[in-house]
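Peer 1:
Residue numbers (this note's numbering), protein chains in the order written: chain A, 2 to 475; chain B, 124 to 217.
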């Protein structure tokens with residue numbers, strides 16, 4: 002027993018710790034005992050080691066006080082927590098401990114694992130793996146204002162990315178902080194998981210959103226998506242995040258009422274996190290590489306989930322080759338939302354006509370193949386297609402059929418205006434959308450015979466941007 | 124456990140931690156020059172001389188004054204100078 006030592010961790014605020022003072026005195030007589038105190042350096046005696054910084058408690062991984070740890074030759078050989086007389090006597094080899102005390106009493110939570118403290122200690126004393134440049138905030142400065150001054154904000158307040166918040170965000174992924182997610186347009190700057198987490202914090206995300214944000218960032222880096230062009234265009238577009246699969250429900254994304262609106266944290270912040278990554282890591286800012294003539298409010302961030310549980314159709318992800326139990330992000334270069342009202346059609350054929358007539362005006366009535374679109378079909382409209390047994394593809398085919406026009410009708414200078422298809426297409430027939438250019442998502446609340454068009458970029462297609470889908474790794 | 128607040132840099136860290144000053148104009152030709160008196164003693168002497176020299180050189184100047192040197196310029200004054208001037212010369216010390 003000569004090289005056996007004991008370390009005891011206590012706090013004055015714990016009634017069990019204070020009750021056991023006579024026991025500590027008994028042990029100190031016969032055992033090498035070091036007492037670490039978490040809150041009061043004079044407790045239980047002035048010889049106690051002051052651990053108000055909680056560094057030693059953190060390193061010893063204390064969860065409960067009192068914790069009594071036994072060391073032999075410097076290595077831990079066992080630990081007990083709380084008070085149970087027989088256990089303490091056996092553990093220490095000292096008999097008749099604490100005569101007159103109750104035989105057992107549970108301990109209290111240690112200060113180092115209090116909510117909020119664990120991450121602070123992890124950042125301070127642990128190996129957080131974070132390496133981003135630290136910027137000190139003068140104690141009289143407002144960190145939110147500092148973020149504005151440094152150009153980190155999209156115009157809305159950002160959550161200050163403190164190391165503690167970023168560390169917590171990093172717990173939302175199994176990926177290492179220094180792993181490169183991709184080269185972010187427009188500057189093609191290497192973006193680490195840590196930088197994604199920092200921008201996720203600023204956007205207001207929760208750690209559990211990290212897998213979705215990471216997939217969205219990966220998708221934005223894909224060459225087919227052409228994020229640089231989507232950003233640099235004078236048109237309206239920005240990246241729109243559509244989430245499919247089980248993760249949407251797990252993290253509480255909204256696929257139902259007000260699906261394209263405000264009020265849901267995941268919907269409101271995931272798209273914003275992507276846009277902040279493009280702004281801050283990629284260097285893409287309005288007035289600089291972002292040359293949008295007008296933009297649209299969705300460029301603050303636009304994310305939503307497909308309503309899958311009662312959809313009559315395969316999900317967008319399934320249509321794009323993924324299975325129903327996989328979670329995915331589909332990125333679409335889109336602009337604003339245009340509503341379609343049809344409260345009277347009760348047949349799939351009739352609704353398809355309403356959709357087609359509205360979709361014909363995307364970007365311009367006389368432009369075909371130029372602009373992709375997402376058609377967001379509400380449950381009340383989707384019910385009609387379920388009744389008539391139409392698949393998404395049936396609906397897409399019908400819309401393409403209805404919108405098919407002779408080139409002579411939509412060529413430039415026809416119909417009294419200069420815009421339209423170039424002259425060489427005058428003798429061909431055109432549907433509105435290029436093959437694959439129209440996609441359908443089921444979403445929205447159960448009341449309202451309205452659907453929505455999310456118009457794409459005028460640079461849609463393989464020479465510009467095509468929708469991309471990336472699997473979310475949870 | 125009090126500690127100074129730090130934030131982690133969300134950018135690609137290509138720019139310095141300290142904010143950079145705006146680029147200086149290569150010439151004062153055609154620019155409106157604000158002359159800001161911060162209400163510290165004898166700042167007006169310096170600004171009067173500058174105003175006279177700049178006027179002799181054909182430059183347009185405008186005079187402004189902060190209510191007190193002890194505080195930042197009121198927002199309205201900052202906005203007025205930003206709206207009316209291209210550059211500003213501030214007389215700091217007495």
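We treat Cβ as the ideally placed atom computed from N, Cα and C, and that holds for glycine.
#1: Kindly list, in the order they appear in chain B, the residues whose Cβ is closer than 8 Å to that of residue 161 of chain A.
#2: Give me the chain B residues within the contact set of residue 137 of chain A, using Cβ-Cβ distance strictly less than 7 Å, ordered along the chain.
#3: Give the residues of chain A in contact with residue 184 of chain B, contact being defined as C-beta atoms less than 9 Å apart.
#4: Using a C-beta to C-beta distance shorter than 8 Å, which residues of chain B count as neighbours of residue 199 of chain A?
#5: So which residues of chain A does residue 136 of chain B contact, with C-beta pairs closer than 7 Å?
#6: Distance, Cα to Cα, residue 255 of chain A vs residue 276 of chain A?
#7: DSSP beta-bridge partners for residue 494 of chain A?
#8: Taking one C-beta from the stretch 312 to 319 of chain A and one from the stretch 421 to 436 of chain A each time, how about it: are there three or more such pairs within less than 8 Å?
#9: Can you tell me where the beta strand (DSSP E) holding residue 19 of chain A begins and where it ends?
#10: Can you check DSSP and say which residues form a bridge with residue 211 of chain A?
#11: Just how far apart, CA to CA, sit residue 125 of chain B and residue 189 of chain A?
#12: Can you pull the chain B residues whose beta carbon is under 7 Å from the beta carbon of residue 196 of chain A, in chain order?
#13: With 16 other CB atoms within 10 Å as the buried threshold, where does residue 176 of chain B fall?
#14: Do you know whose CA, among A:466, A:343 and A:425, lies nearest residue 453 of chain A's CA?
#15: I'd like to know if residue 284 of chain A contacts chain B, where contact means its C-beta is closer than 8 Å to some C-beta of that chain.
#16: For residue 277 of chain A, return the contacting residues in chain B, with the cut-off set at a CB-CB distance below 9 Å.
#17: Look at the Cβ atom of residue 469 of chain A, then the Cβ atom of residue 226 of chain A, and state whether they are nearer than 8 Å.
#18: Would you decide whether residue 430 of chain A is buried or exposed? Buried here means 16 or more other CB atoms lie within 10 Å of its CB.
#19: For a contact defined as C-beta to C-beta under 8 Å, what are the partners of residue 52 of chain A on chain B?
#20: Check whether the Cβ of residue 292 of chain A sits closer than 7 Å to any heavy atom of the ligand NAD, and report yes or no.
#21: Less than 8 Å between C-beta atoms, sequence neighbours within five positions excluded: which residues of the same chain meet that for residue 35 of chain A?
#22: Can you tell me where the beta strand (DSSP E) with residue 197 of chain A in it begins and where it stops?
#23: How about the stretch 412 to 424 of chain A and the stretch 383 to 394 of chain A: do they share at least three Cβ pairs that are nearer than 8 Å?
#24: Is the beta carbon of residue 205 of chain A closer than 8 Å to that of residue 270 of chain A?
#25: Is residue 208 of chain A closer than 8 Å to residue 172 of chain A when the C-beta atoms are compared?
#26: In the stretch 220 to 274 of chain A, which residue ranges form an unbroken alpha helix (DSSP H) of at least 4 residues, counting only runs that do not cross its ends?
#27: For residue 164 of chain A, decide whether its Cβ has a neighbour in chain B, counting only Cβ atoms nearer than 8 Å.
#28: Could you give the uninterrupted runs of the beta strand (DSSP E) lying entirely in the stretch 288 to 365 of chain A, keeping only those of 3 residues or more?
#29: Rounded to whole angstroms, what is the Cα-Cα separation between residue 216 of chain A and residue 23 of chain A?
#30: Taking any Cβ of chain B, which residues in the stretch 201 to 218 of chain A have a Cβ under 8 Å from it, in chain order?
#31: Mind pulling the chain B residues with CB within less than 7 Å of residue 188 of chain A?
#32: Taking the straight line between their C-alpha atoms, what separation do you get for residue 32 of chain A and residue 4 of chain A?
#33: Which complete alpha helix (DSSP H) runs does the stretch 404 to 473 of chain A hold, if anything under 4 residues is left out?
#34: Report the rounded CA-to-CA distance for residue 67 of chain A versus residue 98 of chain A, giving the unit in angstroms.
#35: Would you decide whether residue 179 of chain A is buried or exposed? Buried here means 16 or more other CB atoms lie within 10 Å of its CB.
Peer 2: Based on what the coordinates show:
#1: Chain B residues near residue 161 of chain A: 128 and 130.
#2: 127 and 129
#3: Residues of chain A passing the Cβ test: none, with the nearest at roughly 29 Å.
#4: 131, 132 and 133
#5: 134
#6: 19 Å
#7: In the structure displayed, chain A extends from 2 to 475; residue 494 of chain A sits before or after that span and is not available.
#8: no
#9: No beta strand (DSSP E) contains residue 19 of chain A, which is instead part of the alpha helix (DSSP H) from 16 to 20.
#10: DSSP lists no partner for residue 211 of chain A.
#11: With a pLDDT of only 47 at residue 125 of chain B, under 50, the local geometry of the prediction cannot be trusted, and no value is derived from it.
#12: What residue 196 of chain A touches in chain B: 133.
#13: exposed
#14: The residue with the shortest Cα to Cα distance from residue 453 of chain A is A:343.
#15: Yes, contact with chain B.
#16: 133
#17: For residue 469 of chain A and residue 226 of chain A, yes; Cβs fall inside 8 Å.
#18: exposed
#19: Near residue 52 of chain A there are no residues of chain B at all, since even the closest Cβ is about 12 Å away, more than 8 Å.
#20: You won't find the ligand NAD in this model; it holds no ligand whatsoever.
#21: Correct list, in chain order: 6, 7, 8, 9 and 50.
#22: Where residue 197 of chain A is concerned, there is no enclosing beta strand (DSSP E), although the alpha helix (DSSP H) it sits in stretches over 194 to 204.
#23: no
#24: yes
#25: yes
#26: 228 to 233 and 247 to 251
#27: Output row for residue 164 of chain A: interface = yes.
#28: With a minimum length of 3 residues, the continuous beta strand (DSSP E) runs that stay inside the stretch 288 to 365 of chain A are 304 to 306 and 329 to 342.
#29: 58 Å
#30: 203
#31: Chain B residues near residue 188 of chain A: 135.
#32: 10 Å
#33: 408 to 411
#34: Distance between the alpha carbons of residue 67 of chain A and residue 98 of chain A is about 15 Å.
#35: exposed
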